[in-house]
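For what it's worth, the numbering used here labels the leading residue of the sequence shown as 790, then goes sequentially. Even glycine gets a Cβ: it sits at the ideal position worked out from N, Cα and C. These numbers come from a predicted model, not from an experiment. Here's the structure, in structure tokens; my notes come after.
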Amino acid sequence: MSTETCGRAADMCPPRDAFAMRFRTPPPARALDQRPGTRLDRHSGPVCDLVDFDVKFRPSSLGLYMVTALILIGIFAVVIFSAWIVSRSGRSFLVRAITTLPASSFPERADVYVCDKCARDVTKRFRPRGSHSWTPVGSPSFVCRCGQRYLTGAIEWDYLGLRERHRRVWQTLVLGVFLSGMFSIFGILVYLALRFLFHLRDAGFLVAVFITALPFVWLQMTFWPEVLASMWRTRIGSSFEHT
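What follows is the structure, given as structure tokens:
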């Protein structure tokens, strides 16, 4: 091979250093998290340079409008449902005349009951039974300060049959789960609003759990304290009286 040919071949071939620079393994890409002990430090090859999706993600205007519409629909549904319950409960206490009866006429309906002897207001001691509801659990009688005894309309828990007690416990649990399921819809709407509008994921989750569990907890708190108090009166309190 002539000297001229070798010179042209040398010009066409890149130097060794340029060849190595072209085909060498690329260095690791800069990552956002280079703290010691992370998986990114152990990568020798190129790493995809991603950013935190939760930090830089911003919902679109259409998504915000949809979440806002769902929240408004949920609030409107709750308001309508509450108004329907109030309308079914009868006339308001503020727009009808207050009726007063002697305590001996209970369980006849009245707003105020007064003692037959001393005319003392004893309305809070009575337990009227609502329509389509259980007989209230409580002390079956009470004694006024003047010594007059009246029946309250309640019954002690131990005086109920075993089947009736099981039925009340079961219905209280089932009704609590059902109402919590209904409230969970509103809780989900609140979670979506806090999560996507205000970027409060943890707070939204806690608020949604609170809204969902509120009906169940409220029913149990109104049912079991009366049962426990009745069991205390009939099983423990009566034994103290006999001793």
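Cα atoms of L983 and W959: separation of roughly 35 Å, rounded to the nearest angstrom. With at least 16 other beta carbons inside 10 angstroms of its own, W946 counts as buried.
With respect to the 8 Å criterion, R918 and T924 are classified as neighbours on the basis of their beta carbons. One Cα belongs to F987, the other to V932, and the distance between them is close to 58 Å. Here Y948 is actually not in contact with A892; their C-beta atoms are around 22 Å apart, not less than 8 Å.
Secondary structure of S922 (DSSP, three-state): coil. Taking every protein chain shown into account, the CB of V1006 has fewer than 16 other CB atoms within 10 angstroms, so this residue is exposed. The C-alpha of C904 lies about 28 Å from the C-alpha of W1021.
Residue environment analysis places A943 among the buried positions, since at least 16 neighbouring C-beta atoms fall within 10 angstroms of its C-beta. The beta-carbon separation of G965 and L1008, rounded to 4 Å, stays under the 8 Å limit for a contact. For L940, the three-state secondary structure derived from DSSP is strand. Taking R957 as the centre and dropping the five residues before and after it, the same chain places the C-beta of W923 closer than 7 Å to its C-beta, in chain order.
Counting only residues of its own chain and dropping the five nearest sequence neighbours on each side, S1019 has a CB closer than 6 Å to the CB of V926, E945, W946. Contact check for F972 against I1000 passes: the beta carbons are separated by less than 8 Å.
When C-alpha distances from G1026 are compared across S894, S928, A899, I977, the shortest belongs to S928. Under the DSSP assignment, V996 falls in the alpha helix (DSSP H) whose first and last residues are 990-1020.
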